[in-house]
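Before any comments, here is the structure.
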Amino acid sequence: MSKGKTHTANLTFADNTLAQTLFGAQGFHLAQVEKALNVDITERGADLTVSGDADSVDMAERVLVGLYDRLTKGGDVGAEEVAAALRMVERPGGSIADVNMAVRTKKRVISPRTPNQAAYLKAIDQSELVFGFGPAGTGKTYLAVAKAVERLLNGDVDRIILSRPAVEAGEQLGFLPGDMKEKVDPYLRPLYDALHDMMPGEEVVKRMEAGDIEVAPLAFMRGRTLSNAFVILDEAQNTTAVQMKMFLTRLGENSRMVVTGDLSQVDLPRGIRSGLRDARDILDGVKGVQFMEFGAEDVIRHKIVSRIVEAYDEAEARRKASAPYERTAKSDD
1 MSKGKTHTAN
11 LTFADNTLAQ
21 TLFGAQGFHL
31 AQVEKALNVD
41 ITERGADLTV
51 SGDADSVDMA
61 ERVLVGLYDR
71 LTKGGDVGAE
81 EVAAALRMVE
91 RPGGSIADVN
101 MAVRTKKRVI
111 SPRTPNQAAY
121 LKAIDQSELV
131 FGFGPAGTGK
141 TYLAVAKAVE
151 RLLNGDVDRI
161 ILSRPAVEAG
171 EQLGFLPGDM
181 KEKVDPYLRP
191 LYDALHDMMP
201 GEEVVKRMEA
211 GDIEVAPLAF
221 MRGRTLSNAF
231 VILDEAQNTT
241 AVQMKMFLTR
251 LGENSRMVVT
261 GDLSQVDLPR
271 GIRSGLRDAR
281 DILDGVKGVQ
291 FMEFGAEDVI
301 RHKIVSRIVE
311 AYDEAEARRK
321 ASAPYERTAK
331 SDD
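Going letter by letter, the sequence shown gives residues 1 to 333 in the working numbering.
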């Protein structure tokens with residue numbers, strides 16, 4: 001232990017079997033905590049001594065006690081759960097209790113990995129309409145699909161409706177080869193993948209055939225009223241303002257709607273304003289609508305993905321900062 005680290009906490013866990021699961025094989029989970037928080041942890045049976053500066057020891061104690069509580073309630077604790085707990089205590093607004101939030105589906109029990117993900121799940125429970133903004137890998141669509149599946153399985157809604165704009169083809173699907181399903185499947189594949197992560201494949205097929213689950217391009221939503229449903233619009237940055245208004249006004253009784261997108265990845269033709277940006281400006285402050293902004297810190301893919309997102313964000317900030325100078329230089333010419 002390095003100089004200056006004088007605070008010590010002693011932890012005792014009643015169930016030795018659960019304690020060993022908490023500690024990890026050969027103390028792997030404890031090593032994760034040590035490295036992340038710069039503390040020293042000594043193990044004696046089911047007892048731990050944590051040493052370091054006061055704030056770090058306090059965070060380590062909250063992580064370990066919180067994960068042990070998760071185990072006592074029948075939850076799993078692996079490297080991902082430890083990493084999630086560490087993110088929760090290290091970031092503003094994070095609560096270790098949020099790690100124990102659970103979205104239950106047929107195949108998986110899904111918990112938030114960051115404070116923003118926890119806030120997002122709470123917003124979906126609280127509000128009829130939720131917008132999730134942010135880069136790929138932040139879980140904004142995946143978590144929405146998980147909540148949709150959970151509500152369907154619990155009988156809270158009669159159906160799930162998943163939609164995306166087929167913007168790459170200008171929604172002129174007739175120009176693509178194959179029948180209608182073959183035309184739209186490439187645009188909707190990520191939604192199918194999420195569904196198959198939550199439910200057995202045969203059940204997904206059965207429910208789609210019965211109409212309990214519908215995956216369709218945005219163009220198919222016009223003129224409908226979507227009642228008793230959990231409705232998700234993915235890649236919403238590629239909607240026009242007219243399309244977005246059309247989609248939002250489909251919401252019917254006893255329904256929830258989640259709209260997700262990344263405003264840094266707009267594929268619309270130059271000069272056409274994104275419907276997602278338009279909705280954010282217009283609906284800000286409207287009762288029953290919540291907005292959740294994700295960032296690079298919420299990316300749960302390979303660590304390099306977070307660094308890539310941050311690098312692009314920094315480059316974009318530099319371009320915006322230099323824009324006034326570039327315009328002045330051109331006018332001087």
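A virtual CB, placed ideally from N, CA and C, is assigned to each residue, including glycine.
Quick one: what's got a C-beta closer than 6 Å to residue i's C-beta in the same chain, skipping five residues either side?
{"i": "G170", "result": "Low local confidence applies: a pLDDT of 43 at G170 is under 50, so the model's placement there is unreliable, and no value is given."}
{"i": "L37", "result": "S56, M59 and A60"}
{"i": "V130", "result": "A123, I124, V258 and Q290"}
{"i": "A19", "result": "F13 and A46"}
{"i": "R87", "result": "T114"}
Between residue i and the rest of its own chain, which residues show a CB-CB distance below 7 Å, the 5 nearest in sequence each way excluded?
{"i": "Y142", "result": "A194"}
{"i": "E34", "result": "D40 and I41"}
{"i": "D278", "result": "A241 and M244"}
What's the C-alpha gap between residue i and residue j?
{"i": "L233", "j": "S163", "result": "5 Å"}
{"i": "T42", "j": "L11", "result": "10 Å"}
{"i": "L248", "j": "P217", "result": "15 Å"}
{"i": "V99", "j": "I213", "result": "29 Å"}
{"i": "G223", "j": "A31", "result": "56 Å"}
{"i": "Y192", "j": "V77", "result": "28 Å"}
{"i": "Q26", "j": "N16", "result": "15 Å"}
{"i": "R250", "j": "V103", "result": "26 Å"}
{"i": "L188", "j": "V215", "result": "7 Å"}
{"i": "Y68", "j": "L22", "result": "6 Å"}
{"i": "E203", "j": "G211", "result": "12 Å"}
{"i": "Q243", "j": "G275", "result": "7 Å"}
{"i": "A83", "j": "G288", "result": "33 Å"}
{"i": "N154", "j": "T105", "result": "10 Å"}
{"i": "R207", "j": "Q126", "result": "27 Å"}
{"i": "R62", "j": "M101", "result": "16 Å"}
{"i": "L64", "j": "A9", "result": "12 Å"}
{"i": "G66", "j": "A85", "result": "8 Å"}
{"i": "V89", "j": "E209", "result": "44 Å"}
{"i": "R318", "j": "E235", "result": "26 Å"}
{"i": "A97", "j": "V309", "result": "28 Å"}
{"i": "I161", "j": "R113", "result": "25 Å"}
{"i": "G134", "j": "D281", "result": "16 Å"}
{"i": "P190", "j": "V145", "result": "11 Å"}
When DSSP labels each residue in this structure, what does residue i get in the three-state scheme?
{"i": "N10", "result": "strand"}
{"i": "M199", "result": "coil"}
{"i": "D58", "result": "helix"}
{"i": "I308", "result": "helix"}
{"i": "L226", "result": "strand"}
{"i": "G66", "result": "helix"}
{"i": "I232", "result": "strand"}
{"i": "V299", "result": "coil"}
{"i": "I272", "result": "coil"}
{"i": "T239", "result": "coil"}
{"i": "R189", "result": "helix"}
{"i": "R319", "result": "helix"}
{"i": "R207", "result": "helix"}
{"i": "V99", "result": "helix"}
{"i": "G170", "result": "At G170, the pLDDT of 43 sits below 50, so the modelled position is not reliable; the number obtained from the coordinates is stated separately. Note: G170 maps to coil in three-state DSSP."}
At what residues does the beta strand (DSSP E) containing residue i begin and finish?
{"i": "Q290", "result": "V289 to E293"}
{"i": "L251", "result": "Where L251 is concerned, there is no enclosing beta strand (DSSP E), given that its DSSP letter is neither H nor E."}
{"i": "A216", "result": "I213 to P217"}
{"i": "I41", "result": "D40 to R44"}
{"i": "F133", "result": "L129 to F133"}
{"i": "T21", "result": "First-last for T21: N16 to F23, but that is the alpha helix (DSSP H), not the beta strand (DSSP E)."}
{"i": "G74", "result": "It is not in any beta strand (DSSP E) - G74 carries neither H nor E in the DSSP assignment."}
{"i": "G52", "result": "D47 to G52"}
From this set, the options, which residue's C-alpha is nearest residue i's C-alpha?
{"i": "I272", "options": "T239, V215, Q265 and L30", "result": "T239"}
{"i": "K147", "options": "R159, G137 and A136", "result": "R159"}
{"i": "D197", "options": "E316, E150 and G211", "result": "E150"}
{"i": "T260", "options": "E34, F220, G66 and F294", "result": "F294"}
{"i": "I110", "options": "K320, Q243, F133 and E80", "result": "E80"}
{"i": "L152", "options": "V63, G201, V231 and A118", "result": "V231"}
{"i": "L283", "options": "D156, A241, V89 and R207", "result": "A241"}
{"i": "N116", "options": "T49, R256, N254 and P92", "result": "P92"}
{"i": "A296", "options": "L18, A279, S264 and K206", "result": "S264"}
{"i": "L268", "options": "Q237, D262 and S255", "result": "Q237"}
{"i": "A166", "options": "R44, M221, A85 and G75", "result": "M221"}
For the alpha helix (DSSP H) that residue i lies in, which residues bound it at each end?
{"i": "R159", "result": "R159 -> not in any alpha helix (DSSP H); beta strand (DSSP E) instead, spanning R159 to R164."}
{"i": "G261", "result": "From DSSP, G261 is part of no alpha helix (DSSP H) but of the beta strand (DSSP E) over R256 to G261."}
{"i": "E81", "result": "A79 to E90"}
{"i": "R280", "result": "G275 to L283"}
{"i": "A144", "result": "K140 to N154"}
{"i": "F28", "result": "F28 to L37"}
{"i": "D125", "result": "P115 to Q126"}
Can you name, in chain order, every residue of its own chain whose Cβ lies under 8 Å from the Cβ of residue i, other than the five neighbours on each side?
{"i": "G252", "result": "T225, L226, S227, N228 and A229"}
{"i": "G52", "result": "M1, K5, H7, L37, N38, V39, D40 and A60"}
{"i": "A119", "result": "G93 and M292"}
{"i": "T72", "result": "D15 and L18"}
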